[in-house]
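>
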Amino acid sequence: MKGERTLLNWALEHSDPNANLGEVARKIKNIDPEIIEAVLGRSDAVTMKELATKAGEKQTPTEIRVACLEELESLAEDLNNSRDIAKLSLWPLLCGLFAGTEDPLVRLHAFSVAAAAIQNDTVTQEGFLKACPLPELNLLLLGEKHGETKKKIFRCLSCLLKSDELFDKFFVSEGIRALVDVFTNFAHETSLMANALFFARFCIEEGRPSSLFSQALRTLPILTVDETAPYYEDWAFLKNCWDRPCD
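In terms of the working numbering, the sequence shown is residues 647 to 893.
(1) Kindly indicate which residue of C741, K704, V828, E748 has the alpha-carbon position closest to the one of L775.
(2) Kindly indicate which three-state DSSP category N766 falls into: helix, strand or coil?
(3) For V712, which residues of its own chain have a beta-carbon under 7 Å away from its beta-carbon, when the five flanking residues on both sides are left out?
(4) Taking DSSP as the reference, what is the three-state secondary structure of A875?
(5) What residues in its chain sit with their C-beta under 8 Å from that of W737, if we drop five residues either side in the sequence?
(6) By Cβ distance below 7 Å, which residues in the same chain neighbour K626 in space, the five residues on each side in sequence not counted?
(7) Assuming contact is defined by CB atoms lying nearer than 9 Å, are T693 and E717 in contact in what I supplied?
(8) Tell me which residue opens and which closes the alpha helix (DSSP H) that K714 is part of.
(9) Whole angstroms is fine: what's the gap from E703's alpha carbon to M839's?
(10) Taking the C-alpha atoms as reference points, what is the distance between S819 and L825?
(11) In terms of alpha-carbon separation, which member of E851, P876, L780, V871 lies closest to N841?
(12) Here's a check: name, in chain order, each residue in its chain whose Cβ is nearer than 6 Å to the Cβ of W881, leaving out the five neighbours to either side.
(13) Let me confirm a value: S735 is counted as buried when at least 16 other C-beta atoms fall within 10 Å, else exposed. Which label applies?
(14) Less than 9 Å between the C-beta atoms of T770 and S728, yes or no?
(15) Would you report the Cα separation of G793 and K733, rounded to the nearest angstrom?
(16) Helix, strand or coil for L736? Go by DSSP, reduced to three states.
(17) In angstroms, rounded to a whole number, what distance separates the CA positions of C849 and F816?
(18) Using the C-alpha atoms, what's the distance from L697 back to S809?
(19) Give the secondary structure of D749 by DSSP, where H, G and I count as helix, E and B as strand, and everything else as coil.
(20) Which whole-angstrom value describes the C-beta separation of I764 and C805, a residue pair presumed to lie in contact below a C-beta threshold of 8 Å?
(21) Beta-carbon within less than 6 Å of C802's beta-carbon, same chain only, minus the 5 sequence neighbours each way: which residues are those?
(22) Just tell me which of F845, E811, K797, G821 has its CA closest to the CA of N784.
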């Protein structure tokens, strides 16, 4: 609306002073788009589409692709912009950047864009899941070798698991294996372990589906965790549920 008012004011300033408002409004529809862009500036939607397209070009240097994704992440934090990702059909392009064949930095920042976009909006989350269903996201988490990227995927999962149906899908589609993989092979990465344990505790405290998760807990490796570890409290909570299943 602000942009429309700006354009209307500009049109009034450059029109016959005797013309009525209706005539001016009708003339606006025929204004060259380049003139509109010059008056209002480029819309976020246009910018987002160009950024995503450039980020998806494998022949473009990695640093440029990453810069595009960083700017896109900033724009995606806005609710209207996050919803425009689906309207502009950008989710398939962005989810394509999650592939293991992609540059690790590009993959990391693509997940950052997704996490920023889906954090607080059900509509955007639904659009994301159409392009990257939960079983596929779990496999990406399981196959990811970089701790920072795994943390971004956990952030996405924390935003997405808001229904019994999605919790069930997480547990039966490699979700537990992905957690086991972190606890087994990434125990040396303190920050990632903290994220994984916080996520596991989140699953339990949400109360969905507790019996399934309690059974799955018994597949997790036993770890010796120092009481000074930053994630000790979450591990102790998890261990307590392991000893006394949260049914």
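Yeah, the Cβ is synthetic: ideal placement off N, Cα and C, and Gly gets one too.
Quick look at the numbers:
(1) C741
(2) coil
(3) L751, V752, H755
(4) coil
(5) I731, G773, F774, K776, A777, C778
(6) A question about residue 626 goes unanswered here, because the residues of the chain that appear run from 647 up to 893.
(7) yes
(8) Here residue 714 is Cys; the residue named in the question, Lys, does not match the sequence. Taken as a continuous stretch (DSSP letters only), the alpha helix (DSSP H) holding C714 covers 708–722.
(9) 33 Å
(10) 12 Å
(11) P876
(12) L843, V871
(13) exposed
(14) yes
(15) 32 Å
(16) coil
(17) 10 Å
(18) 32 Å
(19) coil
(20) 5 Å
(21) A760, A761
(22) G821
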